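Below you'll find the structure, written out as structure tokens, and then a few comments.
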Amino acid sequence: MARMRGPRFKQSRRLGLNVCGHPKAMNRAGNGQERDRKKLSAYGMQLLEKQRLRGYYEVMEKQFRKYVIKAIKSDELSGEALVKMLETRLDNMVYRMHFASSIRQARQMVVHGHIKVNGQKVDRPSFAIKVGDVLSLREKSQKVDMFKENLENAAPTVPYVSLDADKYQGTLTEEPKRDQVPIEINDHLVIEYYSKVM
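The numbering of the sequence shown is the numbering used here, which starts it at 13 and goes up by one.
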């Protein structure tokens with residue numbers, strides 16, 4: 013399974029945005045601000061936003077392009093539809109529900125069979141979660157200290173997700189609205205980028 017493997021902190025600094033969500037990601041000299049001193053063209057800004065969005069969800073280019081094509085064909089605003097599809101991927105929902113401390117850990121948990129969807133094991137990170145779907149940690153995995161700590165240290169979750177930490181389960185309660193998704197992206201620039209290169 014292809015996945016992004018590069019250093020997360022270096023990637024965040026290169027993109028000038030903390031896409032990995034770690035509090036220390038931008039803690040090196042410059043903090044990515046050197047990018048601000050370079051005047052980017054319109055195309056450069058579109059490319060940067062595309063790379064930032066891919067960085068948030070750690071999706072490879074080939075798969076990301078498929079999401080863009082679906083979003084453009086949808087009845088919704090293309091940028092919002094794209095973010096919604098990425099946000100409701102199984103690996104991202106595992107992260108949002110605090111079963112994992114990072115998107116990479118979430119993907120690993122899914123692939124290794126730690127996560128159930130509506131009581132059935134699903135090991136495909138790109139699996140699309142729908143409203144009402146219940147994600148849970150399988151029984152054996154509930155004894156793993158790292159997973160327990162993730163839930164114990166959980167910050168408040170996003171509005172479209174409910175979490176029952178005592179039962180090791182969470183539910184997607186509604187479709188994510190664009191202004192509720194905690195990412196700093198001009199998604200319309202991503203769509204503009206692909207409208208030129210596709």
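The beta-carbon is built from N, C-alpha and C at its ideal position, and this holds for glycine as well. Here the structure is a predicted model, which means the values were calculated and not measured.
Around the beta carbon of Ile81, a 10 Å sphere encloses fewer than 16 other beta carbons of the protein chains shown; the residue is thus reported as exposed. Of the candidates Lys78, Ile84, Met105, Met105 places its Cα closest to the Cα of Val170. It is roughly 15 Å from the alpha-carbon of Arg108 to the alpha-carbon of Lys189.
Taking each of Val71, Ile127, Glu92 in turn and checking the Cα distance to Gln154, the smallest one comes out for Ile127. Going by C-alpha positions, Leu94 is about 5 Å away from Ala83. Under the criterion of beta carbons closer than 8 Å, Val129 and Leu147 qualify as touching, at roughly 6 Å. Straight through space, the alpha carbons of His200 and Ser207 are spaced by roughly 11 Å. Note on geometry: alpha-carbon atoms of Val71 and Gly144 lie some 24 Å from one another. Restricting attention to Ser113, Ala166, Leu65, the CA atom closest to the CA of Glu99 is found in Leu65.
Lys155 sits in a helix when the DSSP states are folded into three classes.
Leu175 carries a strand assignment under DSSP once its states are collapsed to helix, strand and coil.
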